[in-house]
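Protein chains in written order, with numbering that gives the first Met the number 0: chain A, 0 to 202; chain B, 0 to 202.
Protein chains: 2
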Amino acid sequence: MVILTRYQACMTAAHEIASLLDRLSRLHGTGRRAAGLNPAQASALDYLARANRFSRTPSAVADYLSATRGTVSQTLKSLAAKGLAQEGPGGSDRRSRRYDLTPQGQAVAGALDAAPQVDLPASQMEEVRDALQQLVRGMIAARGGRSFGLCRSCRHHRASAQGAHCALLDVPLRDEETTQICQEHEPGRTEKARPDGCDAGGE
Amino acid sequence: MVILTRYQACMTAAHEIASLLDRLSRLHGTGRRAAGLNPAQASALDYLARANRFSRTPSAVADYLSATRGTVSQTLKSLAAKGLAQEGPGGSDRRSRRYDLTPQGQAVAGALDAAPQVDLPASQMEEVRDALQQLVRGMIAARGGRSFGLCRSCRHHRASAQGAHCALLDVPLRDEETTQICQEHEPGRTEKARPDGCDAGGE
DNA sequence: TGCAATACTTTCGACTCGACACTATCAAAT
DNA sequence: ATTTGATAGTGTCGAGTCGAAAGTATTGCA
Chain A
0 MVILTRYQAC MTAAHEIASL LDRLSRLHGT GRRAAGLNPA QASALDYLAR ANRFSRTPSA
60 VADYLSATRG TVSQTLKSLA AKGLAQEGPG GSDRRSRRYD LTPQGQAVAG ALDAAPQVDL
120 PASQMEEVRD ALQQLVRGMI AARGGRSFGL CRSCRHHRAS AQGAHCALLD VPLRDEETTQ
180 ICQEHEPGRT EKARPDGCDA GGE
Chain B
0 MVILTRYQAC MTAAHEIASL LDRLSRLHGT GRRAAGLNPA QASALDYLAR ANRFSRTPSA
60 VADYLSATRG TVSQTLKSLA AKGLAQEGPG GSDRRSRRYD LTPQGQAVAG ALDAAPQVDL
120 PASQMEEVRD ALQQLVRGMI AARGGRSFGL CRSCRHHRAS AQGAHCALLD VPLRDEETTQ
180 ICQEHEPGRT EKARPDGCDA GGE
């Protein structure tokens, strides 16, 4: 009996993490709801602002957000209806669609991160961020999902004098695309510990 | 232009944390949905399994989960309808209600943490847990919420030869209650860095 | 006895979500 | 060229969440 209640309180780290995530999810969600957007729209908007041109399709958004295509389709349509995103053909595959942010959408996406959800010392912020990245990676791995890392940390990324190149899709990459999220991302080359590749040394 | 895209990718730690929380919330939520319960019900159930008798009221659940009382009232009713919780009078105040888990409810709550959401080395698990705790505390503090820590880490907690005692409510505490969550919790005594008080030395 | 505050419930409309069915397109085998 | 099956996306449906607002019962204070 004592053992039972003791176990309930001093539970495993995994359970404790799950409980903290419960609370965090709600704290975070209610905070985001404060803006004009609802949480699902805010999440999709943030993703679209950070994903490269190969990764702004409904399917990619659905994978990234762990939602179904049907749900994401509605969310993206509502973003388009609000003038924050624009739908267009996605590439050579005529089934594919792509959603690009409009200038208004980019402005709203920029405003979202201006609203501080939490106020911690900078060093703790980085600790927390690294831990969250570990956690996301662990959960993604546990269910066989995709990593959605930054293009330039991918094992298909090639840099040359003429510019960057993706060996998987066999296409040239614009310079700024190498720091965007890619749905095809596979970790492998450098930056294993930090696949989003946000290191120092600007430029 | 380059600065803009570079900024989008290498954003502030605060924004990065927000984005990670988006993804984490969805990963966590869909994982919980896999059981028979939906996320809100799972969160409430987990809380009820860990809160002491003063803290299992609809108002406390609402505060803990950052939801409104109306929403929580429905969630708790649905838990009761499923036979996982039982509603009863909450104490001397006849307005107050209390929801206790039934044996089935405790079983389901136990099964929830048996399903591993993430698989990381133990040391990383603890790092992640500590970071999440910091984050929750920071977000709670930023919006003036309550800490909901464990009873025995509260500044109103008194230990004596006859047993534990709460100086705020002026009631004796059963032994196992001191390791449960309390809505009246105010950090202050020991364990500032770890207000959930899950230290070693297991009885 | 009022009167305001509190604890909780109920109802309402907007919305999310997953499941499912559906169309369009592609790719590969025949 | 046709068939077959997989894939990308959309539309619809019901269950459920959410916050807001109104309502009830109770408490405590004047």
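Glycine included, C-beta positions come from ideal geometry on N, C-alpha and C.
Check, Outcome
"Along chain B, which residues have their Cβ under 7 Å away from the Cβ of T29 of chain A?", "S65"
"Between R154 of chain A and chain B, is the shortest Cβ-Cβ distance under 8 Å, so that the two count as touching?", "no"
"Taking 8 Å as the CB-CB cut-off, is D92 of chain B touching chain A?", "no"
"Got a sec: is the Cβ-Cβ distance from L131 of chain A to anything in chain B below 8 Å?", "yes"
"So, with DSSP's three-state summary, where would you put Q38 of chain B?", "Correcting the residue type first, residue 38 of chain B is Pro in the shown sequence and not Gln. Reduced to three states, the DSSP call for P38 of chain B is helix."
"Looking only at C-alpha atoms, which of B:L167, B:Q182, B:H156 sits nearest to D174 of chain B?", "B:H156"
"By alpha-carbon positions, which one of B:Q40, B:A13, B:E15 ends up nearest to R25 of chain A?", "B:Q40"
"When you compare only the Cα positions, how much space is there between V170 of chain A and H164 of chain A?", "6 Å"
"Going along the chain, which residues of its own chain have a beta-carbon closer than 7 Å to the beta-carbon of G89 of chain A, five neighbours each way excluded?", "T56, S95, R96, R97"
"Using a cut-off of 9 Å between C-beta atoms, extract the partners of D62 of chain B located in chain A.", "Residues of chain A passing the Cβ test: none, with the nearest at roughly 11 Å."
"Looking only at its chain, what residues have a beta carbon closer than 8 Å to the beta carbon of S146 of chain A, apart from the 5 residues adjacent to it on each side?", "R136, I139, H184, E185, P186, P194"
"Count the other CB atoms within 10 Å of the CB of L83 of chain A; is the residue buried (16 or more) or exposed (fewer)?", "buried"
"For Q123 of chain B and D129 of chain A, I'd like the C-alpha separation in whole angstroms.", "11 Å"
"Considering only the alpha carbon of each residue, which of B:A160, B:R142, B:V127 lies closest to R15 of chain A?", "The sequence as given places Glu at residue 15 of chain A; Arg does not occur at that position. The residue with the shortest Cα to Cα distance from E15 of chain A is B:V127."
"With 16 other CB atoms within 10 Å as the buried threshold, where does A17 of chain A fall?", "buried"
"Is the beta carbon of V107 of chain A closer than 8 Å to that of L44 of chain A?", "yes"
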